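Just below is one structure, and these are the notes that go with it.
Residue numbers (our numbering): 1 to 578.
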């Protein structure tokens, strides 16, 4: 457009008067309605001579000034005219572009179709109202008996208005129901995820604890009621429950207790101070959240929250996996008991009346909850022998325990077969089995006794002949290279040996005498490590903090082996001293 406008230039005198803008094809009413055509009179030479004769010689200067004035005015008007023509051309070009845009978008056609759809909808609604009106009139005419013609006009108008209001109300309600049942496409809303924040994580854990507090209090009160924490309360509850079950009022009693609990909650919400609990509630002090935390404090807080979340999710996963394994016949001897119980309940429900079944189940539940569980809690040996639900639940294994058991069984079989074939084929004659195994057993860096500076009689036990892969976590060290060291753990008759996998001197290896161990226990490090973070913590007098052998896939097997050998050595030393 700029190129086109650059070509349009007004040069010289083209016309003595303006073109009437109303005659222009692109002129509008707003632009040219107030314009008046201006005519510029031209002075001829004859007129100039007449003026010159009348005025004499002094009028020549005056005439030349009039001509100059007329010329400047004409130039200004011509310049204005050029600007107007440029504006009209710009308007023309803009109208052309607007027309093209309208043709491309087809907004007018869409608007017309929308108007047509609205008219169709109005016509359909009008037809529906007419049909309903006709039907209501027919029904009313059929139901009304023949009335005398002497009926007053006021009653006719009143009945007509009432019918019209009812029809209008009915049509409005029908339209609302039709609108409610109209199918609409589902909107896929993507929820924005919040970034990881230590403060937000702490707040969510506290919210979870506060939200679960009523449930935990309810479970605590039930366990206190079953354990006869308050003898009078438990005795009254037992008598009321058994009486309600005997008379068939167990379900109404539970509904009444729920209504009573809601009523008490309403009074508490209104400001009443009501506290009824079998076990007195202990208010835990809540530490105020710190505003500014250092990097180490944030890291420690994140580790604590992650540990709590890990333990919570682990417990939930254990419960769900036990239920799944119970119903999937993973342990057939346990699922068989449930199977027989379900068949017995099915046959009883087919032949016995429901009143007798409900009475029996209610009496059994009351006796089990108030009496049998109390005896089993006080006598663990009886519970381990005769409490069938408890035995089934504790005997169920999770998927992780099943995997560890299967891996341990396979590794033991392979190690036993390898040791037998090795002893039978490669042991020379004239050498005992102990001497052979101690002499020929080697690690990746040489003979076993040379790597750990031990006597030739010291050799790994048959269970850990190849060792257990693990990492030694020394929590007292500050350097990251000394904090975690990968390697292999061995157990001999008198020592616990750790061989570091990093090349270098033998100073990185660790040898602990079993008699020097003061404490040994299972330990769980970060779950991101191999073996779900399972490990073993060993305490000795020479170490301020326990040595942790973490990331062990066969942690339970290693712990049992070390603990049994430790007990064996301690008992042997005590017997020798005595």
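We put the CB at the ideal spot given by N, CA and C, even for glycine.
No experiment lies behind these values; they were computed from the predicted model shown.
Tell me whether the beta-carbon of residue 558 lies closer than 9 Å to the beta-carbon of residue 489.
At the C-beta level, residue 558 and residue 489 come within 9 Å of one another.
Check whether the segment 364–374 touches the segment 306–324, taking contact to mean three or more Cβ pairs, one atom from each stretch, closer than 8 Å.
Contact between the segment 364–374 and the segment 306–324 is absent, because fewer than three Cβ pairs lie under 8 Å.
Please classify residue 554 as buried or exposed, where buried requires at least 16 neighbouring CB atoms within 10 angstroms.
Note on residue 554: 16 or more other CB atoms within 10 angstroms of its CB, so buried under the neighbour-count rule.
Own chain, CB closer than 6 Å to residue 438, minus 5 neighbours either side, in chain order:
Note that residue 438 scores 38 on pLDDT, short of 50, meaning its location in the model is unreliable and no value can be drawn from it.
Using the Cβ count rule (16 or more neighbours within 10 Å means buried), how would you classify residue 449?
With a threshold of 16 other beta carbon atoms within 10 Å, residue 449 meets it and is buried.
Taking Cβ to Cβ, would you say residue 175 is nearer than 9 Å to residue 250?
No, these two residues do not count as a Cβ contact at 9 Å.
Touch test, the segment 378–385 against the segment 261–277, Cβ-Cβ under 8 Å, three pairs minimum:
Output reads no: the segment 261–277 does not touch the segment 378–385.
Quick check on this structure: which residue in 255, 225, 244 and 241 has the alpha carbon closest to the alpha carbon of residue 234?
The option with the nearest alpha carbon to residue 234 is 225.
Taking C-alpha atoms, which residue in 352, 216, 515 and 522 lies nearest to residue 569?
Nearest option by C-alpha distance: 515.
Out of curiosity, what's the CA-to-CA distance linking residue 510 and residue 398?
Each residue's Cα considered, the two are about 34 Å apart.
Chain-order list of residues whose beta-carbon lies under 7 Å from that of residue 508 (same chain, five-residue window excluded):
Excluding residues within five positions, the ones whose Cβ falls inside 7 Å are 485, 500 and 502.
Does DSSP put residue 349 in a helix, a strand or coil?
Of the three classes helix, strand and coil, the one that applies to residue 349 here is helix, per DSSP.
In this structure, what does DSSP give as the bridge partners for residue 263?
For residue 263, which the question treats as bridged, DSSP gives no partner whatsoever.
I'd like to know if the segment 465–475 and the segment 536–548 are in contact, where contact means that at least 3 CB-CB pairs between them fall below 8 Å.
The answer is yes - the segment 536–548 touches the segment 465–475, with three or more Cβ pairs under 8 Å.
From 519, 467 and 273, residue whose alpha carbon lies closest to that of residue 497
The option with the nearest alpha carbon to residue 497 is 467.
Can you list the alpha helix (DSSP H) stretches of 4 or more residues lying completely in the segment 364–403, in chain order?
The qualifying runs are 373–378, 380–386 and 388–395.
On the DSSP letters alone, give me the boundaries of the alpha helix (DSSP H) that residue 462 sits inside.
For residue 462, there is no enclosing alpha helix (DSSP H), as DSSP marks it with neither H nor E.
Helix or strand or just coil, what does DSSP make of residue 551?
Residue state, collapsed to three classes: coil.
By alpha-carbon positions, which one of 564, 336 and 106 ends up nearest to residue 388?
Answer by Cα proximity: 336.
Residue-chain proximity (residue 364, chain C), Cβ-Cβ < 9 Å
Judged by its chain identifiers, the structure shown contains no chain C, having just a single protein chain.
Looking only at DSSP bridge pairs, what is residue 537 linked to?
Residue 537 pairs with 521 and 548.
Neighbourhood of residue 238 by C-beta, 6 Å cutoff - its chain only, sequence neighbours within 5 removed:
Closer than 6 Å at Cβ, skipping near neighbours: 370.
In the DSSP assignment, find the beta strand (DSSP E) that holds residue 494 and state where it starts and stops.
Counting along the chain, residue 494 sits inside no beta strand (DSSP E), nor does DSSP assign it H or E at all.
Taking Cβ positions, are residue 540 and residue 562 nearer each other than 9 Å?
Taking a C-beta distance under 9 Å as the contact criterion, residue 540 and residue 562 do not qualify as a contact pair.
Enumerate in chain order the residues of its own chain whose CB-to-CB distance from residue 129 is below 8 Å, with the five nearest sequence positions on each side excluded.
167 and 171.
Three-state secondary structure assigned by DSSP to residue 330
For residue 330, the three-state secondary structure derived from DSSP is coil.
Using a 10 Å radius around the Cβ and a threshold of 16 neighbouring Cβ atoms, would you call residue 552 buried or exposed?
With 16 or more other Cβ atoms within 10 Å, it is buried.
Under three-state DSSP, which class holds residue 502?
Three-state result, residue 502: coil.
Of the choices 177, 178, 179 and 137, whose alpha-carbon is the least far from that of residue 159?
Distance check between residue 159 and each of 177, 178, 179 and 137 places 137 closest, using alpha-carbon atoms only.
Just list the residues that DSSP pairs residue 470 with in beta bridges.
According to DSSP, residue 470 shares a beta bridge with 487.
Would you tell me roughly how many angstroms separate the C-alpha atoms of residue 99 and residue 199, rounded to the nearest one?
C-alpha separation (whole angstroms): 59 Å.
Could you tell me the alpha carbon to alpha carbon distance between residue 38 and residue 115, rounded to whole angstroms?
Legend: pLDDT at residue 38 = 41, less than 50; position of this residue unreliable, no value from coordinates given.
Please work out which residues of its chain come closer than 7 Å, Cβ to Cβ, to residue 534, disregarding the five sequence neighbours upstream and downstream, and give them in chain order.
Same-chain partners within the cutoff: 524, 552 and 555.
Burial state of residue 327, where buried means 16 or more other Cβ atoms lie within 10 Å
Flag for residue 327 reads exposed.
Taking 7 Å as the limit between beta carbons, can you name the residues of its chain near residue 262, skipping five residues before and five after?
Here residue 262 has no same chain residue with a Cβ atom under 7 Å from its own Cβ, once five neighbours each way along the sequence are excluded.
Report back the beta-carbon spacing between residue 536 and residue 517 to the nearest angstrom; my notes put them in contact at under 8 Å.
In fact, because the Cβ distance is near 11 Å, the residues do not count as touching under 8 Å.
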